[in-house]
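**Student:** If you read the sequence shown in our numbering, its first letter stands for residue 6, the second for the next number, and so on.
The beta carbon of each residue, even a glycine, is placed where N, CA and C say it ideally should be.
Note that the coordinates shown come from a computational prediction; the quantities given were computed from them, not determined experimentally.
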Amino acid sequence: MLEIIETLLVLQNRDRTIVQGRAEIVGLGIERVSVNERSANAEAAQADAEQAAKELEVKKNALEMEAAGEQTKIITYSKQQLETKDNTQYRALVKQIDNCKKNISNFETDELMVLEEMDVNAETQKQTKADLDAANHDMATALSEIDERETNLQKQIGETETLRAETAAQIDEDTLSRYDRLLKKGRSNIVVGVEHGACGGCHMKLPTAEVANLKSSQEVNYCPNCTCVIYYTRDMNLAAEEA
C-alpha cells in the first residue's frame, strides 16, 4: 500500500471521528429537549391538578350557598305559616317548604359528589407533585450528564481536528483538494478498497485496465464513476464477480 494511501486512510478516520462527534452533540441537544419536556409536562400536570382543586372548591362553596339560600326560604315560609289564617295560602307555603327541602337534598347530593371529586383530586395532586419532584431531580442529573458528555465530545473533536490538520499537512495539495471536495458532499467512504473488480464506494465495476493498474501503480488512483480514492492490498480479490 502506498504511503499516501495510508495517510489518506488516517485522515478519513479522523474525519469520521469528527463527523460522529458533531452528530452526537446534535443528539445531545435533542436529549436536552426531551429531558426539559418531561419536567415541563410534569409541571403542567401539577398546575392542572391545582386548578381543578380551585374549581372544585368554588363549586362546593356555590352549592353550600344555594343550600343556605333554600334554608333561609324555609325559615321565611315557616314564619308565614304561623301568621296566615288562610288554608289555601298555608298549603301553598307547605308546598314551597317541601320544594326547598328537595332542593337542599339535591344540593347536598351534588356537594357529596364534589367532595368525592376533591378527594380524588387530592390524591392526584400528591402524585403530580411526586412526579414533578422526580422529573426535576432527574432533569438536573440528566442535564449535568449531558453537559459533561458534550464537554468531552468537544474536547475530543478539538484534539482530533488538531491531529487531522497534522495529517492533512502530509498530503499534497491536489490530492487533499479532491478528498475535501468529497468530504464536503457528506461522503464518509472516500478512500476505499477494490473488491471483485468493483469500487468500494459506489460499488460500480471498474474498467479492467484500471483494476490491473492498481497492483503496480505508484500514484493515487480514483474511481472513474464516483471519484473516490481507490487502492489495493494483497488480501483483496480483484477478480470481477461473475454475473
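(1) For the putative contact between M241 and G198, defined by C-beta atoms under 8 Å, what is the C-beta separation to the nearest angstrom?
(2) Could you check whether N41 and M144 sit closer than 8 Å to each other, using their CB atoms as the reference points?
(3) Rank S44, T232, S221, G34 by C-alpha distance to the C-alpha of R239 and give the top, closest one.
(4) Below 6 Å CB to CB, which residues in the same chain sit around N79 once its five sequence neighbours on both sides are set aside?
(5) Using alpha carbons as the reference points, say which of N108, K107, I162, T129 lies closest to D20.
(6) Taking CB distances under 8 Å as the criterion, tell me whether H208 reaches chain B.
(7) Mapping DSSP to helix, strand and coil, what is K65?
(8) For the alpha helix (DSSP H) that E113 lies in, which residues bound it at each end?
(9) What would DSSP say about I30, mapped onto helix, strand or coil?
(10) Enumerate in chain order the residues of its own chain whose CB-to-CB distance from T167 is below 8 Å, with the five nearest sequence positions on each side excluded.
(11) Helix, strand or coil: which one does DSSP assign to E200?
(12) Considering only DSSP beta bridges, list what V234 is partnered with.
(13) Report back the beta-carbon spacing between V225 and I195 to the nearest angstrom; my notes put them in contact at under 8 Å.
(14) For K65, which residues of its own chain have a beta-carbon under 8 Å away from its beta-carbon, when the five flanking residues on both sides are left out?
(15) How many Å lie between K90 and R96 at the Cα?
(16) Under the assumption that Q132 contacts A58 (Cβ atoms under 8 Å), give the Cβ distance between them as a whole number of angstroms.
(17) Around the Cβ of E247, are there at least 16 other Cβ atoms within 10 angstroms (buried) or fewer (exposed)?
(18) Buried or exposed: where does A139 fall if 16 or more other Cβ atoms within 10 Å of its Cβ makes it buried?
(19) Can you name the residues that DSSP bridges to K210?
(20) Is the stretch 170-183 touching the stretch 30-46 in the sense that three or more CB pairs, one from each, lie closer than 8 Å?
(21) Please determine, among R169, R183, N111, K190, the residue with the shortest C-alpha to C-alpha distance to Q17.
(22) Buried or exposed for T165, going by 16 or more other Cβ atoms inside 10 Å?
(23) Between the alpha carbons of A28 and K190, how many angstroms are there, rounded?
(24) Roughly how many angstroms separate the alpha carbons of E211 and S182, rounded to a whole number?
**Tutor:** Once the coordinates are examined:
(1) 5 Å
(2) yes
(3) S221
(4) One point to set straight first is that residue 79 is Ile, not Asn, in the sequence displayed. Closer than 6 Å at Cβ, skipping near neighbours: I102, C105.
(5) I162
(6) You won't find chain B in this structure, because it holds only one protein chain.
(7) helix
(8) 92-173
(9) helix
(10) none
(11) strand
(12) V196, Y227
(13) At roughly 12 Å, the Cβ-Cβ gap does not stay under 8 Å, so V225 and I195 are not in contact.
(14) E116, V119, L120, M123
(15) 11 Å
(16) Between A58 and Q132 the Cβ distance is about 13 Å, and since that is not below 8 Å, they are no contact.
(17) Confidence in E247 is poor, its pLDDT being 47 and thus under 50, which makes the residue's placement too unreliable to answer from.
(18) exposed
(19) A203
(20) no
(21) R169
(22) buried
(23) 16 Å
(24) In the sequence on display, residue 211 carries Leu and not Glu. Straight-line Cα distance between these residues: approximately 23 Å.
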